[in-house]
Every structure is written in C-alpha cells, then in structure tokens.
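Q: Before we start, here is the structure in question, set down as structure tokens.
Numbering (the working numbering), first residue to last: 316 to 441.
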C-alpha cells in the first residue's frame, strides 16, 4: 500500500508531539482502526513500527528496539550534524529488511520443525 507522503508526515509530526511527552526510551502504542503504531523516542528521534492491531505487540517492541539500536550504532555521529538530507540513511533499508524479515524465516523454520514433530507423533500413535 502506497501512502501519501504529506499524510505520513502529518501523522509523524503528531506522533512526535505524543512521543516527546513520553520521555527517552519509553515505549507507547497508538491504535488507529485496524493498525497499531508502536513508538519509542531516543536521541531526539522517533522510532515507530506499524503492525496489525491483533499482532503480538511484544514482538513488535523487540523488533523496534533492534531497529533503534542498529540505527543509532550506524548513524549516531551523522545525526548530530545532520543537514536534513534523508538520502544518507537510505542504505539502512537493507539493515531494516534483515531485522524485520530474518525473524520470519526463523519462525518458518520452527513451524516446519513443529510440523515434522507432529507428523512423527501421529505415526507412533500419539
């Protein structure tokens, strides 16, 4: 789904006001319809993930912290002298994909293992 950049920008501005009131490294969630935004602020930045309202919020928080830690590790010095050009952060998309999708592959492997164990249990009459 492609979102209007002005709409996203407006939402993030409102979220910024909300998260700024939270304080450093405090996690909060905002539910909007069928979606949930999980947010954390750190180093004058807001990190946010959007998940389905029914998704496991703890898992979203774990991924959000991992995103935050990796981003700050990689860009903390650039943030301090940032001139507003977001292109310097574009390469983080690859890191972001690894963080988000690596967990899915692990979950799929675990699911397959559980399926095989269930099949073996069924074969031996369990």
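Using N, Cα and C, we set each Cβ at its ideal position, and we do this for glycine too. Bear in mind that the values here come from a model prediction, so they are computed numbers and not experimental data.
Can you check which of these residues, 398, 375, 438, is closest to residue 350 by C-alpha distance?
A: By 1-based counting over the chain shown, the position of residue 350 is 35. With distances taken between Cα atoms, residue 350 lies closest to 375.
Q: Along the chain, where does the beta strand (DSSP E) that runs through residue 405 open and close?
A: Locating residue 405 in the chain shown gives position 90, where the first residue counts as 1. From DSSP, residue 405 is part of no beta strand (DSSP E); its letter is neither H nor E.
Q: Name the DSSP beta bridge partners of residue 360, please?
A: For this step, residue 360 is matched to residue 45 along the chain shown. DSSP output for residue 360 lists 357 as bridge partner(s).
Q: Classify residue 351 as helix, strand or coil using the three-state DSSP reduction.
A: Here residue 351 refers to the residue found at position 36 when the chain shown is read from its first residue. Strand, per DSSP.
Q: Using CA coordinates, which residue listed in 398, 403, 377, 379 is at the minimum distance from residue 389?
A: Position 74 of the chain shown, counting from 1, holds the residue named residue 389. The candidate whose alpha carbon is nearest that of residue 389 is 403.
Q: First and last residue of the alpha helix (DSSP H) that includes residue 368?
A: If you number the chain shown from 1, residue 368 lands on position 53. No alpha helix (DSSP H) holds residue 368; DSSP gives it neither H nor E.
Q: Among residues of its own chain, excluding the 5 on either side of residue 344, which ones have a beta-carbon nearer than 8 Å to its beta-carbon?
A: Counting from one through the chain shown, the residue named residue 344 turns up at place 29. Here the set comprises 351, 352, 353, 354, 372.
Q: What does a CB cutoff of less than 6 Å around residue 322 pick up in its chain, not counting 5 residues either side in sequence?
A: On the chain shown, residue 322 is found 7 positions in, with the first residue counted as 1. Cβ neighbours of residue 322 beyond the five flanking positions: none.
Q: Within 10 Å of its beta-carbon, does residue 429 have 16 or more other beta-carbons around it, so buried, or fewer, so exposed?
A: Here the question's residue 429 lines up with position 114 in the chain shown. Counting Cβ neighbours within 10 Å, residue 429 comes out exposed, since fewer than 16 surround it.
Q: Tell me the rounded alpha-carbon separation between residue 440 and residue 434.
A: Counting from one through the chain shown, the residue named residue 440 turns up at place 125. Counting from one through the chain shown, the residue named residue 434 turns up at place 119. C-alpha separation (whole angstroms): 10 Å.
Q: Are there 16 or more other CB atoms within 10 angstroms of the CB of residue 379, so buried, or fewer, so exposed?
A: Position 64 of the chain shown, counting from 1, holds the residue named residue 379. Result: buried.
Q: Quick check on this structure: which residue in 384, 383, 359, 348 has the alpha carbon closest to the alpha carbon of residue 369?
A: By 1-based counting over the chain shown, the position of residue 369 is 54. Closest option to residue 369, Cα to Cα, is 348.
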